[in-house]
Amino acid sequence: MSIIDPYREQLAQRWERESDPAVLYYDRLLRWKGTPTFRIGARPKQGAEGIHSAISAHFSICVFQQNPLFDVYCTVGASRSTIPHSTHTSRDPRGIRHEYLMHASNVYSEAVCEILLMIAEHPHIHNLEIGAGFVMPIGEPIVPNSALEYLYFTYPFLDDPHIYDPNPAGEIDHPQTYIQTLWILPISKAERQYLRTNGVEAFEAFLHEQHSQRYDSDLLRRSLI
């Protein structure tokens with residue numbers, strides 16, 4: 005007997021009515037990560053009128069508690085609209101859409117959810133193309149007393165065991181839409197400068213060498229430089 009998922013039903017209706025592909029990503033996420041531990045709806049910051057129209061009306065963040073060190077936070081609904089200018093630069097008439105993933109302790113759940121909504125809206129508010137290698141300034145520490153004030157965007161290497169296969173878990177290549185998951189890593193100002201000086205490949209190699217595979221989930225970690 006199948007279990008009714010009201011949230012999925014809402015997403016499916018949006019796909020049929022508006023070609024909002026969030027249901028495609030949600031289904032992929034369930035196969036990739038399993039059933040979310042819980043799901044958090046969009047909560048715009050105080051004073052905001054609501055979420056940007058480029059984002060799905062049913063935007064939410066699925067949280068997966070998969071180990072004792074950190075939770076995995078994944079957006080659903082950021083991919084409603086193509087990333088600005090991506091149709092031209094990708095030479096694909098479908099353009100490119102993104103969903104976003106972060107690792108963090110559940111102590112910082114509220115802050116992470118606010119940041120993921122901000123990220124989802126950012127390219128559409130500023131008419132800006134983003135993708136792997138992009139760095140976004142936050143303008144303040146990611147959480148109080150943190151040295152991390154920037155967000156680095158890359159592919160979900162740690163979460164996607166099939167990332168180098170023809171059909172990665174974090175990617176949807178559908179006749180009507182193309183969606184790529186991006187992993188968001190908080191970094192410091194000094195690390196941002198290292199990236200600008202040495203390039204993306206050297207920067208990612210440096211991060212893995214210095215801080216193994218859990219560096220991104222500690223929002224209070226010291227700068228590696």
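Heads up: the sequence shown begins at 5 in my numbering, then just goes up one per residue.
All residues carry an ideal CB built from backbone N, CA and C; glycine is no exception.
For this session: Assuming Ile183 contacts Glu103 (C-beta within less than 8 angstroms), just tell me the rounded distance between them.
Result: For this step, residue 183 is matched to residue 179 along the sequence shown. For this step, residue 103 is matched to residue 99 along the sequence shown. At roughly 6 angstroms, the Cβ-Cβ gap stays under 8 angstroms, so Ile183 and Glu103 are in contact.
For this session: Provide the residue(s) that pair with Gln184 in DSSP beta bridges, ordered along the chain.
Result: For the purposes of this step, residue 184 is taken as residue 180 along the sequence shown, with counting starting at 1. His102 and Glu175.
Exercise. Is it the case that the Cβ atoms of Tyr112 and Val147 are separated by a distance below 8 angstroms?
Worked result: In the sequence shown, counting from the first residue as 1, residue 112 sits at position 108. In the sequence shown, counting from the first residue as 1, residue 147 sits at position 143. Their beta carbons are under 8 angstroms apart, which means Tyr112 touches Val147 by this criterion.
Exercise. Taking the C-alpha atoms as reference points, what is the distance between Arg12 and His107?
Worked result: Numbered from 1 along the sequence shown, position 8 holds the residue referred to as residue 12. Numbered from 1 along the sequence shown, position 103 holds the residue referred to as residue 107. If you take the alpha carbons of Arg12 and His107, they lie about 24 angstroms apart.
For this session: Locate the beta strand (DSSP E) running through Tyr154, then write down its first and last residues.
Result: Counting from 1 along the sequence shown, the entry for residue 154 is found at position 150. Segment Leu152 to Thr158, the beta strand (DSSP E) holding Tyr154.
Problem set entry | Residue environment, Pro40, which counts as buried when at least 16 other CB atoms sit within 10 Å | The residue labelled residue 40 in the question sits at position 36 within the sequence shown. Pro40 comes out buried.
Exercise. In this structure, does DSSP put Ala136 in helix, strand or coil?
Worked result: Against the sequence shown, residue 136 aligns to sequence position 132. Correct three-state label for Ala136: coil.
Exercise. So what's Phe210 in DSSP terms, helix, strand or just coil?
Worked result: Start at 1 with the first residue of the sequence shown, and residue 210 comes out as number 206. Phe210 falls in the helix class under three-state DSSP.
Exercise. Would Leu121 be called buried (16 or more neighbouring beta carbons within 10 Å of its own) or exposed?
Worked result: Mapped onto the sequence shown, residue 121 falls at position 117. Result: buried.
Exercise. What runs of the beta strand (DSSP E), each 3 residues or longer, lie entirely inside the region 70–101?
Worked result: 75–80
Exercise. So, using beta-carbon positions, are Leu228 and Gln214 closer together than 8 angstroms?
Worked result: The residue given as residue 228 occupies position 224 in the sequence shown. The residue given as residue 214 occupies position 210 in the sequence shown. A contact, by the Cβ cut-off of 8 angstroms.
Exercise. Would the beta-carbon of Pro262 fall within 8 angstroms of that of Trp187?
Worked result: A question about residue 262 goes unanswered here, because the residues of the chain that appear run from 5 up to 229.
Problem set entry | Cβ-based burial, Arg21 [other Cβ within 10 Å; buried from 16] | Walking along the sequence shown from the start, residue 21 turns up at place 17. Counting Cβ neighbours within 10 Å, Arg21 comes out exposed, since fewer than 16 surround it.
For this session: Look at the Cβ atom of Leu152, then the Cβ atom of Ile100, and state whether they are nearer than 8 angstroms.
Result: Translated into the one-based positions of the sequence shown, residue 152 becomes position 148. Translated into the one-based positions of the sequence shown, residue 100 becomes position 96. Result no, Cβ atoms of Leu152 and Ile100 do not sit closer than 8 angstroms.
Exercise. Which residues in the same chain as Asp96 place their Cβ atom closer than 6 angstroms to its Cβ, once the five residues preceding and following it in sequence are excluded?
Worked result: Within the sequence shown, residue 96 is the residue found at index 92, counting from 1. Once the five neighbours on either side are set aside, Asp96 has no close Cβ partner at all.
For this session: Would you tell me roughly how many angstroms separate the C-alpha atoms of Phe74 and Tyr30, rounded to the nearest one?
Result: Position 70 of the sequence shown, counted from the first residue, corresponds to residue 74. Position 26 of the sequence shown, counted from the first residue, corresponds to residue 30. Each residue's Cα considered, the two are about 21 angstroms apart.
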